Each structure stands twice: as structure tokens, then as C-alpha cells.
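Count along the sequence shown from 1, add 105, and you get the number used in the numbering used here. Down below is the structure, laid out as C-alpha cells.
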Amino acid sequence: MKLLRRSGIVAIVGLTLLSGTTLVRADVITDWTQTAIDVMKAVNVAGNPWTRSLAMMQVSMS
Numbered sequence: 106m107k108l109l110r111r112s113g114i115v116a117i118v119g120l121t122l123l124s125g126t127t128l129v130r131a132d133v134i135t136d137w138t139q140t141a142i143d144v145m146k147a148v149n150v151a152g153n154p155w156t157r158s159l160a161m162m163q164v165s166m167s
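Here you go:
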């Protein structure tokens, strides 16, 4: 009985770890958002243009 319980717990933990790997992934929109943030940091863009630029970019990709 103890072995069966331990095997069940190991199976559940293993499946949880394997299923979690497919949930963590980058997509094209996330990549473009990160690129835009990097560019705005590099050229020292201040607050409000960040918001507008990212909003326009997100709307154009939806």
C-alpha cells in the first residue's frame, strides 16, 4: 500500500512538472513588447510616450 501511494505521488508530481513546461513559452507579441521596451530604454524615452507607443503596438497586433 505504501509503495502504491508513493508511486501515485511521484506520477502526479512528474505530470505536473511536464505539463508546466508547455505553459511557459514566449510568443511573437511578447517578443515585440520586450524589443519595444529595450529600444525605449536605450533612447531614454520618458513616461507617457511609453504608454502610447506600447498601446498602439498592442492594438496593431490584435
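Even for Gly, the Cβ is constructed at its ideal location relative to N, Cα and C. Predicted model, so just to flag it, every value in this text is computed and none were measured.
Which value, in whole angstroms, describes the spacing of the CA atoms of residue i and residue j?
{"i": "Val148", "j": "Met162", "result": "18 Å"}
{"i": "Trp155", "j": "Ile114", "result": "47 Å"}
{"i": "Val118", "j": "Met145", "result": "42 Å"}
{"i": "Ser167", "j": "Val133", "result": "12 Å"}
{"i": "Thr121", "j": "Leu159", "result": "34 Å"}
{"i": "Thr135", "j": "Gly152", "result": "20 Å"}
{"i": "Ser165", "j": "Thr140", "result": "15 Å"}
Q | Every unbroken alpha helix (DSSP H) within the stretch 118 to 164, with a cutoff of 4 residues, ordered by chain | A | Within the stretch 118 to 164, the complete alpha helix (DSSP H) runs of at least 4 residues are 133 to 147.
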